[in-house]
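Number of protein chains: 2
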Amino acid sequence: MVNRNLRYPKFFIPAICIAILGVLTAGSAVSQMTDPLPSWNSGPAKQAIVTFVRATTDPKSPQFVPPAERIATFDQDGTLWTEHPIYSQVAYCLSRVPEVVAAKPELKDVEPFKTVMSGDREAIAALSMKDWEAILAATLTGMTTDQFQTEVQAWLGSAKDPRWKRAYTELTFQPMQELLRYLRSEGFKTYIVTGGGQDFVRVYSEKVYGIPPEQVVGTVGGTTYGYDANGKPILTKAPKLLLNDDHAGKPEGIHMMIGRRPYAAFGNSVGDQQMLEYTKAGDGARLAMLVLHDDAVREYAYGPAKGLPDTKFGTFPQEYYDLAIKNGWVVISMKNDWKRIFSFEK
Amino acid sequence: MVNRNLRYPKFFIPAICIAILGVLTAGSAVSQMTDPLPSWNSGPAKQAIVTFVRATTDPKSPQFVPPAERIATFDQDGTLWTEHPIYSQVAYCLSRVPEVVAAKPELKDVEPFKTVMSGDREAIAALSMKDWEAILAATLTGMTTDQFQTEVQAWLGSAKDPRWKRAYTELTFQPMQELLRYLRSEGFKTYIVTGGGQDFVRVYSEKVYGIPPEQVVGTVGGTTYGYDANGKPILTKAPKLLLNDDHAGKPEGIHMMIGRRPYAAFGNSVGDQQMLEYTKAGDGARLAMLVLHDDAVREYAYGPAKGLPDTKFGTFPQEYYDLAIKNGWVVISMKNDWKRIFSFEK
């Protein structure tokens with residue numbers, strides 16, 4: 434018997450071991466074959482994703498992309514989570530105004546703080562862009578980056594959205610969460626590219642989306658390096674806009690923060706046009722998708738494309754829809770393409 | 434024989450296979466035990482690195498850092514590669530002036546281009562900061578990001594440094610290359626945080642240091658999104674400074690681009706002070722190190738700390754040396770701590 438064993442070449446033992454291990458661990462291979470996008474209905478949107486992933490990750494594909502170059506960028510508001518009736522960050526800023534006024538009582542009778550303190554929703558909705566800039570400056574700057582993080586964290590832990598009475602971070606779209614995980618499991622690096630504040634989104638991006646802070650590109654305000662009373666280094670958030678990460682600012686922000694052109698980009702409004710154009714202008718297989726909010730029952734319905742109601746937040750006009758079709762961008766119908774929208778749905 | 438095999442419990446076969454594979458692949462375990470820093474002499478600098486890595490990566494250590502938070506930042510000029518007699522990027526800008534003048538002949542008789550075209554080294558060295566800004570604006574902006582990348586790549590492929598007559602990218606410090614690889618093998622994400630141009634360094638960072646473009650933080654100029662004559666989206670480099678990534682700009686840039694405080698930071702001059710302070714101000718084990726250029730034979734010698742010659746580039750004054758000692762930053766003596774400096778040394 435010893436002699437018989439000796440006849441096997443040296444590589445045979447590990448080879449057969451690997452074969453046996455392969456059979457015994459076949460369960461994991463089976464799980465890889467299960468649908469990575471269970472909340473997506475079969476249809477052109479889901480098909481476009483799967484086709485793109487195969488084309489870019491199969492080493493035998495002529496459109497194969499090396500793992501280091503697999504970048505996918507996602508708008509946040511309206512693409513990864515609900516943006517109606519107002520952006521979550523705007524709700525945050527409004528919630529901070531009473532504390533700002535408490536610290537500086539002279540603001541109580543000064544606009545726009547007077548209007549915000551009145552709680553008059555119609556008057557708040559009618560505030561001008563200049564008013565909003567004052568609110569943003571008062572609530573998003575002047576504190577250290579550490580203080581800001583603590584304040585946002587506290588708000589996220591207690592604030593509830595007006596419709597479902599849930600934490601804002603529960604209002605992420607389950608199909609997009611699956612898409613993020615699917616792309617990462619296929620070697621893509623997933624980034625958020627949002628018009629929202631970079632520091633704000635970074636507070637929860639890792640926990641909520643599995644996206645680390647360094648992969649969040651957002652609207653960037655400057656910071657100022659200095660020292661606290663004990664001589665400890667601090668960064669103070671300054672009222673200085675370095676990047677308005679919307680429209681043309683999105684590809685500009687992608688270049689600044691990533692330095693590579695994405696292979697896939699996902700958005701939902703006119704603010705995402707340039708990011709999608711820039712993505713599709715690259716060589717090889719590129720995927721550009723837009724979420725259309727056409728489900729008033731399960732979420733919200735707004736366009737005004739396809740006869741949907743008009744909106745002030747996350748506009749998707751008919752000419753934008755036509756541009757998407759012309760450019761080969763895939764429109765995702767929340768109503769038809771998504772089996773469920775939120776993880777808390779039955 | 435069949436019966437005897439059946440006596441083994443089900444888990445036995447994979448268990449013994451793993452054991453056999455373990456013995457057969459023991460070579461890799463042995464290689465992990467070899468010195469990851471062979472170009473470093475034994476001494477306090479090398480010891481500080483190894484102690485820090487053990488403290489932050491051993492799960493049983495009270496100072497253990499989860500892999501996602503393991504960020505290490507490296508200055509480039511003078512820390513990862515030679516910065517004397519001039520920064521490589523300055524050599525690049527000077528090399529571009531003839532082409533800029535050829536495209537705009539009216540510049541031929543205008544300062545500072547006239548002086549650069551004269552080739553008079555002393556006069557070039559005496560140019561004012563305003564002159565340099567004009568040279569940088571003329572050679573680093575106005576082209577598309579793609580054109581810029583092509584131009585830098587071409588220069589890197591042909592330009593030689595004045596002393597060793599080698600490509601600039603060969604002048605990286607072998608001990609620091611080993612340190613980058615060592616930290617990455619221990620789960621650290623390595624970043625360059627340089628006063629040099631972010632777009633410039635990103636052209637070669639992956640190839641030269643194994644650091645991908647998205648992990649390069651540098652001085653950032655704005656870009657402008659637009660379309661070429663064929664309607665294809667382009668980004669044009671604009672003469673607009675968004676981040677001066679030096680001194681206080683380094684922690685500000687780290688916050689903007691990474692959003693996490695580093696656990697380890699490496700520099701060589703006064704421009705790195707704030708990055709090192711910011712790094713050490715965090716909780717737990719933090720490593721701050723400075724490279725001292727004290728080897729005129731194998732590289733260059735400048736300080737003026739420790740009686741070394743004074744310099745215009747990469748200043749390391751005596752009071753900075755004293756501050757380092759006071760703050761627990763570890764000074765690396767190139768002469769004493771490094772067995773070899775360049776990979777091309779015998």
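Protein sequence lines, in the order shown, are assigned to chains A and B. The first sequence lines up with residues 434 to 779 when you count with the numbering used here. The second sequence lines up with residues 434 to 779 when you count with the numbering used here. We treat Cβ as the ideally placed atom computed from N, Cα and C, and that holds for glycine. Source: prediction; values computed, not measured.
Notebook entry, point to check: What did DSSP end up calling Phe775/A once you bin it into helix, strand or coil?
Noted result: Here residue 775/A refers to the residue found at position 342 when the first sequence is read from its first residue. Reduced to three states, the DSSP call for Phe775/A is coil.
Next item on the list: Would you check if the distance between the CB atom of Asp510/B and the CB atom of Thr627/B is smaller than 8 Å?
Entry: As a first step, residue 510/B must be located in the second sequence, where it is residue number 77. As a first step, residue 627/B must be located in the second sequence, where it is residue number 194. Yes; because the gap between Cβ atoms is below 8 Å, this pair is in contact.
Note to self: Give me the chain A residues within the contact set of Lys665/B, using Cβ-Cβ distance strictly less than 8 Å, ordered along the chain.
What the structure shows: Residue numbering aside, residue 665/B sits at position 232 when the second sequence is read from its first letter. Here the neighbours are Ala714.
Notebook entry, point to check: Listed in chain order, which residues of the stretch 724-751 of chain B have Cβ atoms closer than 9 Å to some Cβ of chain A?
Noted result: none
Next item on the list: Have a look at Gly655/B, Arg617/B, Ser618/B, Glu619/B and flag the residue whose alpha-carbon is nearest the alpha-carbon of Gln631/B.
Entry: If you number the second sequence from 1, residue 631/B lands on position 198. Here the closest residue by C-alpha is Gly655/B.
Checklist line | Met576/A at chain B interface by Cβ criterion, 8 Å | finding: Locating residue 576/A in the first sequence gives position 143, counting from the first residue. Not an interface residue.
Check: Between which two residues does the alpha helix (DSSP H) containing Phe546/A stretch?
Finding: In the first sequence, counting from the first residue as 1, residue 546/A sits at position 113. Run containing Phe546/A: 546-551, per the alpha helix (DSSP H) assignment.
Margin query: Looking at the secondary structure, which residues open and close the alpha helix (DSSP H) in which Ile557/B lies?
Written below: The residue given as residue 557/B occupies position 124 in the second sequence. Counting along the chain, the alpha helix (DSSP H) containing Ile557/B begins and ends at 554-558.
Checklist line | In DSSP terms, what Met722/B is bridged to | finding: Locating residue 722/B in the second sequence gives position 289, where the first residue counts as 1. Phe699/B, Val763/B.
Checklist line | Residue-chain proximity (Val543/B, chain C), Cβ-Cβ < 8 Å | finding: Structure shown: chain C not included; protein chains present are A and B.
Checklist line | Interface residues of chain B facing Thr656/A [CB-CB closer than 9 Å] | finding: On the first sequence, position 223 is the one that residue 656/A refers to. Within 9 Å Cβ-Cβ: Pro684, Glu685, His688, Met689.
Next item on the list: Sort Tyr711/B, Thr512/B, Asp508/B, Val549/B by Cα distance to Tyr525/B and report the nearest one.
Entry: Looking up residue 525/B in the second sequence gives position 92. If we check each option's Cα against that of Tyr525/B, Val549/B comes out closest.
Notebook entry, point to check: Sorted by chain position, which residues of the same chain lie with C-beta nearer than 8 Å to Ala481/A's C-beta, five sequence neighbours on each side aside?
Noted result: By one-based count along the first sequence, residue 481/A stands at place 48. Excluding residues within five positions, the ones whose Cβ falls inside 8 Å are Leu720, Met722, Val763.
Next item on the list: Taking only beta-carbon positions, decide if Arg503/A is within less than 8 Å of chain B.
Entry: Within the first sequence, numbered from 1, the residue matching residue 503/A stands at position 70. With 8 Å as the cut-off, Arg503/A does not count as an interface residue toward chain B.
Check: Pick from Thr484/B, Ile504/B, Thr490/B, Gly736/B: whose alpha carbon is nearest that of Gln648/B?
Finding: As a working mapping, residue 648/B is identified with position 215 in the second sequence. The shortest Cα separation from Gln648/B among Thr484/B, Ile504/B, Thr490/B, Gly736/B belongs to Ile504/B.
Next item on the list: Using alpha carbons as the reference points, say which of Phe581/B, Pro750/B, Ile644/B, His680/B lies closest to Ala398/B.
Entry: Only positions 434 to 779 of chain B appear in the structure, and residue 398/B is not among them; the question remains open.
Check: What are the boundary residues of the beta strand (DSSP E) that includes Thr712/A?
Finding: Position 279 of the first sequence, counted from the start, is the residue given in the question as residue 712/A. Where Thr712/A is concerned, there is no enclosing beta strand (DSSP E), although the alpha helix (DSSP H) it sits in stretches over 706-713.
Item checked: Alpha carbon of Lys622/A to alpha carbon of Tyr696/A, nearest angstrom -> Along the first sequence, one-based indexing puts residue 622/A at 189. Along the first sequence, one-based indexing puts residue 696/A at 263. Going from the Cα of Lys622/A to the Cα of Tyr696/A covers about 10 Å.
Check: Anyone know if the C-beta pair for Gly715/B and Met708/B falls short of 8 Å?
Finding: The residue labelled residue 715/B in the question sits at position 282 within the second sequence. The residue labelled residue 708/B in the question sits at position 275 within the second sequence. No, the pair does not count as a contact, with Cβ atoms beyond the cut-off.
Note to self: Within 10 Å of its beta-carbon, does Ser618/B have 16 or more other beta-carbons around it, so buried, or fewer, so exposed?
What the structure shows: Reading the second sequence from its first residue, position 185 is the one you call residue 618/B. Classification for Ser618/B: exposed.
Check: What's the C-alpha gap between Glu710/A and Val486/A?
Finding: Along the first sequence, read from residue 1 onward, the residue named residue 710/A stands at position 277. Along the first sequence, read from residue 1 onward, the residue named residue 486/A stands at position 53. Straight-line Cα distance between these residues: approximately 19 Å.
Note to self: Rounded to whole angstroms, what is the Cα-Cα separation between Phe746/A and Val703/A?
What the structure shows: Numbered from 1 along the first sequence, position 313 holds the residue referred to as residue 746/A. Numbered from 1 along the first sequence, position 270 holds the residue referred to as residue 703/A. Rounded to whole angstroms, Phe746/A to Val703/A spans 10 Å at the Cα level.
Note to self: Just to confirm, is the Cβ distance from Gly692/B to Pro646/A under 8 Å?
What the structure shows: Residue numbering aside, residue 692/B sits at position 259 when the second sequence is read from its first letter. Residue numbering aside, residue 646/A sits at position 213 when the first sequence is read from its first letter. Result yes, Cβ atoms of Gly692/B and Pro646/A sit closer than 8 Å.
Check: Below 8 Å between beta carbons: does that hold for Ile774/A and Gln607/A?
Finding: Looking up residue 774/A in the first sequence gives position 341. Looking up residue 607/A in the first sequence gives position 174. Against a cut-off of 8 Å, the Cβ pair of Gln607/A and Ile774/A comes out as a contact.
Next item on the list: Measure the alpha-carbon distance for Ser561/B versus Glu544/B and round it to whole angstroms.
Entry: Your numbering for residue 561/B matches position 128 in the second sequence. Your numbering for residue 544/B matches position 111 in the second sequence. Whole-angstrom Cα-Cα distance: 11 Å.
Margin query: Considering only their Cβ atoms, is the gap separating Glu685/A from Tyr658/B smaller than 8 Å?
Written below: Residue mapping note: residue 658/B aligns to position 225 of the second sequence, counting from 1. Residue mapping note: residue 685/A aligns to position 252 of the first sequence, counting from 1. Yes, these two residues count as a Cβ contact at 8 Å.
Item checked: Sub-8 Å separation of Met767/A and His726/A beta-carbons -> One-based indexing of the first sequence puts residue 767/A at position 334. One-based indexing of the first sequence puts residue 726/A at position 293. In this structure, His726/A lies closer than 8 Å to Met767/A by Cβ.
Next item on the list: Provide the residue span of the beta strand (DSSP E) that contains Ala671/B, from first to last.
Entry: Taking the first residue of the second sequence as 1, we reach residue 671/B at position 238. Ala671/B -> beta strand (DSSP E) spans 666-676.
Next item on the list: Could you list which residues in chain A have their beta carbon closer than 7 Å to that of Arg693/B, in chain order?
Entry: Locating residue 693/B in the second sequence gives position 260, where the first residue counts as 1. Here the neighbours are Pro646, Glu647.
Notebook entry, point to check: DSSP three-state call for Val650/A: helix, strand or coil?
Noted result: Here the question's residue 650/A lines up with position 217 in the first sequence. Strand, per DSSP.
Checklist line | Selection from Thr572/A, Met576/A, Asn663/A, Asp508/A that minimises the alpha carbon distance to Tyr624/A | finding: Here residue 624/A is taken as the residue at index 191 of the first sequence, counted from 1. For the residues Thr572/A, Met576/A, Asn663/A, Asp508/A, the minimum Cα distance to Tyr624/A belongs to Asp508/A.
Next item on the list: Please report the residue range of the beta strand (DSSP E) in which Gly629/A lies.
Entry: Residue 629/A sits at position 196 when you count from the first residue of the first sequence. Unbroken beta strand (DSSP E) run through Gly629/A: 622-630.
Check: For Tyr520/B, which residues of its own chain have a beta-carbon under 8 Å away from its beta-carbon, when the five flanking residues on both sides are left out?
Finding: The residue given as residue 520/B occupies position 87 in the second sequence. Once the five neighbours on either side are set aside, the close Cβ partners of Tyr520/B are Asp510, Gly629, Phe746.
Next item on the list: Using three-state DSSP, classify Thr577/A as helix, strand or coil.
Entry: On the first sequence, residue 577/A is found 144 positions in, with the first residue counted as 1. Here Thr577/A sits in strand by DSSP.
Notebook entry, point to check: Along chain A, which residues have their Cβ under 8 Å away from the Cβ of Gln707/B?
Noted result: Position 274 of the second sequence, counting from 1, holds the residue named residue 707/B. Those within 8 Å of Gln707/B in chain A are Tyr658, Pro666.
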